[in-house]
Amino acid sequence: MRGSLRDVALVARFEVVRAIRTWRALALVVLYLVATAGAGKIFVELLSTMETALAHTLRVPPTDRPGAMTAKLLEGEELRSMLEGMVGDPQLVEGVLSHPLLAIFHLWLGLLLVPFFASANAAESISGDLKTRAVRWEAHRTGRLEIVFGRYLGQAGLTLAASVLSILATWIVGMVFMVRQPPLGLLVSLASFTVRAWAFGMAFVGLAMACSALTASPAWARVLAIGAAAGTWVLYGIARWGSEEWGAGIVWDALLQALPQGWMRGLWLPGVHWVPSAFVCLAFGLAATSAGALRFVRRDL
Amino acid sequence: MSDALRFEGVGKRYGRRLPPALDGLACRFPQGAICGLVGPNGAGKTTAFSLVGGFLRADVGKVEVLGGPFDPFRLKGRLGVLPQDAELGDRHTPHEILAHLARLGGLPRVVAESEADRALESVNLGGDREKRVGALSHGMRRRVAVAAALVGRPELVLLDEPTAGLDPVQAASLRKVLDARRGTCTLVVSSHDLEELERLCDWIVMIDRGRCVRQGTIAEVTGRTQVIEWTLGPGEVPMQELEAALEGHSLRVEDRVLVQRAPDGADLDAASVVVAGALARAGVAIRQVRRGVSLERRFLDDAGKARE
């Protein structure tokens with residue numbers, strides 16, 4: 000068991016080294032930074048427009064940078080309904096509002112983007128080595144399960160690193176383009192939310208690893224992984240629509256529980272109440288990776 | 000001598016409509032020997048290696064690797080394989096790859112690093128340890144791959160076409176590297192260069208169409224203890240005199256090559272003196288003498304028989 004865990008750690012370490020060597024890690028980090036900074040700036044612009052409109056209504060001079068009238072904005076319907084849409088549950092909005100608006104947006108964006116970015120990157124982890132047969136170098140020195148879970152762990156590390164660095168991009172956007180943003184408070188909120196988005200993303204990294212173990216074509220693996228991630232969103236949409244249309248039933252509930260998206264609501268909970276949902280998402284990832292591993296241990300390399 | 004590797008009735012098929020890649024392969028590779036696995040393209044050499052390395056699973060039969068079936072944890076650090084066509088990461092440095100593989104072989108970090116250095120030195124790539132693999136020539140990459148199979152001093156090393164694509168100088172240098180391993184581990188080498196294998200190997204296994212057609216020591220396979228090939232100059236070979244003097248020996252001339260096969264237990268040295276004397280008396284020049292037939296000739300004969 001100890002040797003097995005050591006091998007998983009060694010494979011994970013080499014996966015990270017490989018990502019750094021092949022610039023994949025850098026590409027992932029740049030993608031996260033550009034996406035979070037860009038989307039953060041768009042959100043700030045939107046907030047600025049809303050504040051300017053409110054300032055005109057209240058006949059007060061508008062500010063150069065948004066953030067000064069957040070409390071006033073929240074008294075209206077517009078921003079509140081937007082936040083309800085992001086969080087997915089009106090009852091959770093009040094609890095979430097203890098965090099800066101930009102941090103809330105950061106988590107919402109993370110829940111949308113991390114699954115796709117992470118799974119696109121993870122999809123070629125095994126399939127690429129199957130194509131070049133490079134996997135054979137490791138395959139006679141350690142078990143196949145160790146290879147799959149090592150790669151998963153390596154991808155988890157890469158996704159976490161990219162997610163953590165994206166905090167910086169959003170924080171800078173907040174500090175530069177907004178007013179009245181508590182530097183430390185924003186940083187802590189962003190960090191807390193980033194861990195949640197990462198845990199959610201791990202479910203999709205697991206799906207991508209399973210797809211990667213299915214085929215020796217990296218391109219196909221990526222298509223499968225992104226398709227699988229998109230498929231879960233479609234199923235989630237159907238389950239939500241079904242439960243709203245016909246009321247909560249065992250089928251819809253079961254479907255929602257069986258999808259990582261069904262646990263997104265829990266990730267918005269205050270305090271440490273989000274932790275169980277995060278663990279469920281991680282468990283999804285491990286379960287999907289295990290399914291891929293079952294195929295991988297049986298296949299010819 | 001116990002066996003480092005043994006195949007017992009091993010069969011492997013890649014598809015129902017395809018002929019079997021291995022069809023009841025049964026052969027052995029003795030411990031501590033340098034062994035050659037010989038066969039034409041499609042004979043099943045790479046499939047056999049892949050079964051040993053755990054890349055494929057046999058449909059039927061048993062592959063015994065160092066005393067048991069393939070198990071990466073039982074064989075940790077004891078088995079090294081140079082798989083055919085398996086790429087090394089182009090962006091990595093040779094040292095990085097070898098150190099990783101040595102650690103996966105169970106060595107602690109510091110030992111693995113020095114083992115990686117040692118393995119690279121052994122293939123004359125010590126000065127290129129920090130270059131990217133992608134920046135190395137084909138020959139150098141091949142040597143890195145061989146070093147990757149040898150790193151960690153495994154007991155059993157399988158090298159699938161180690162000299163493929165190497166120029167004669169590089170091939171000779173690699174042969175020296177492998178020769179230096181003689182006695183320290185069991186080496187199984189697959190190659191199309193039969194001359195190279197004949198010089199290097201103690202034990203030969205010949206396979207064709209997934210079956211073993213011959214196996215034994217190099218002396219047994221090439222008949223070094225029983226056969227002498229005399230390459231002759233012009234002139235009539237005194238066959239009657241030779242047949243009278245060497246009772247029980249089989250003698251035939253083919254393309255100015257006299258092939259002399261001695262019966263079991265015959266003194267081949269004494270017989271060779273008789274042949275040389277008779278040829279000298281007949282005025283037939285001796286251009287070359289060779290103990291045993293070449294591995295290539297043996298292989299072509301066996302493959303021909305198998306196909307008949």
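In order, the protein sequence lines correspond to chains E and R. Numbering that gives the first Met the number 0 applies: residue 0 is where the first sequence begins, and numbers increase by one. Numbering that gives the first Met the number 0 applies: residue 0 is where the second sequence begins, and numbers increase by one. Beta carbons are placed, not taken as given, at the ideal position from N, Cα and C, and that holds for glycine. None of the values given here were measured: they were computed from a predicted structure.
Check the Cα spacing between Leu45/E and each of Glu77/E, Ser3/E, Gly226/E: the tightest is with Glu77/E. Under the DSSP definition of a beta bridge, Cys34/R partners with Val187/R, Trp202/R. Here Arg213/R is buried, its C-beta having at least 16 other C-beta atoms within 10 Å.
Taking all protein chains in view, the Cβ of Gly149/E is crowded by 16 or more other Cβ atoms within 10 Å, so the residue is classified as buried. With a cutoff of 7 Å on beta-carbon distance, Val59/R and His91/R are scored as not near each other. For the pair of segments examined, the segment 221-235 of chain R was found to touch the segment 280-289 of chain R: the number of CB pairs separated by less than 8 Å reaches three. Chain order gives the chain E residues near Leu87/R as Ala133, Trp136, where near means a beta carbon separation below 8 Å. The beta carbon of Gly94/E sits closer than 8 Å to the beta carbons of Trp267, Leu268, Pro269 from its chain, once the five residues preceding and following it are set aside; these are given in chain order.
Taken through DSSP and simplified to helix, strand or coil, Arg12/R comes out as coil. As far as DSSP is concerned, Cys210/E takes part in no beta bridge. Looking at the DSSP output, Asp63/E sits in no beta bridge, so it has no partner there.
Residue burial is scored here from C-beta neighbours: Val9/R has at least 16 other C-beta atoms within 10 angstroms and is therefore classed as buried. Residue range 21-29 is occupied by the beta strand (DSSP E) that includes Asp22/R, with no alpha helix (DSSP H) assigned at that position. Collapsing the DSSP output to three states places Leu78/R in a strand.
Fully contained in the segment 96-128 of chain R is no beta strand (DSSP E) run of length 3 or more. Among the CB atoms of chain R, none fall inside 7 Å of the CB of Phe295/E.
Under the three-state reduction of DSSP output, Lys61/R falls in the strand class.
Taking 7 Å as the cut-off, the beta carbon of Arg290/R is found no closer than this to the beta carbon of Ile217/R.
Ser188/E is not a Cβ neighbour of His55/E, given a cutoff of 7 Å. Residue pairing by DSSP puts Gln214/R in a beta bridge opposite Val204/R. Note on geometry: alpha-carbon atoms of Thr185/R and Val252/R lie some 39 Å from one another.
Within the DSSP bridge table, the entry for Glu228/R names Val258/R, Arg289/R as partners.
Neighbourhood of Phe13/E in chain R, by CB distance below 7 Å: His99, in chain order. Contact check for Val109/R against Val145/R fails: the beta carbons are separated by 7 Å or more. Given a length threshold of 4 residues, each whole run of the alpha helix (DSSP H) inside the segment 163-245 of chain E is given here in chain order: 182-213, 217-245.
For Leu21/R, same chain residues with a beta-carbon under 7 Å away, outside a window of 5 residues either side, are Val9, Gly10, Lys11, Gly43, Thr46, Ala47, Gly209 in chain order. Remark: three or more beta-carbon pairs, one from each stretch, lie closer than 8 Å, so the segment 116-126 of chain E and the segment 154-168 of chain E are flagged as touching. Burial check for Gly39/E: the Cβ neighbour count within 10 Å reaches 16 or more, so the residue is buried.
Pairing Cys34/R with Trp202/R gives a Cβ-Cβ distance under 7 Å. Leaving aside the five residues that flank Leu82/E on each side, the residues in its chain whose CB is nearer than 6 Å to its CB run, in chain order, Val92. Chain-order list of chain R residues neighbouring Gly142/E: Pro71, Phe72, by C-beta distance under 7 Å. Ala147/R reaches chain E at Trp136, counting residues in chain order whose Cβ is nearer than 8 Å.
The distance from the Cβ of Arg132/E to that of Asp84/R is about 6 Å, consistent with a contact at the 8 Å cut-off.
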